[in-house]
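Residue numbers (UniProt numbering): 1 to 64.
(1) I'd like the list of long-range same chain contacts for residue 10, defined as Cβ closer than 7 angstroms, with 5 residues on each side in sequence excluded.
(2) What residue does the beta strand (DSSP E) around residue 63 start on, and which one ends it?
(3) With DSSP run on the structure shown, which of helix, strand or coil describes residue 13?
Written out as structure tokens, the structure reads:
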């Protein structure tokens, strides 16, 4: 069993309040099921949208 820890809370006007932790041991056993995940079919990559600001900047750079 985990040891109980005693602490003090120091508050305003010289008030000291003791409080006790109540720790416990927790044990978890996890298992993962073996699953065959099918590979997704190749999809056409969608074009990323370019902001108006970037489009204007590109046009300016192309002009120069």
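We treat Cβ as the ideally placed atom computed from N, Cα and C, and that holds for glycine.
On a predicted model such as this, the values are computed, not experimentally measured, just so you know.
For this structure:
(1) Start at 1 with the first residue of the chain shown, and residue 10 comes out as number 10. 16, listed in sequence order.
(2) The residue given as residue 63 occupies position 63 in the chain shown. Segment 52-63 is the alpha helix (DSSP H) holding residue 63; no beta strand (DSSP E) there.
(3) On the chain shown, residue 13 is found 13 positions in, with the first residue counted as 1. Helix at residue 13.
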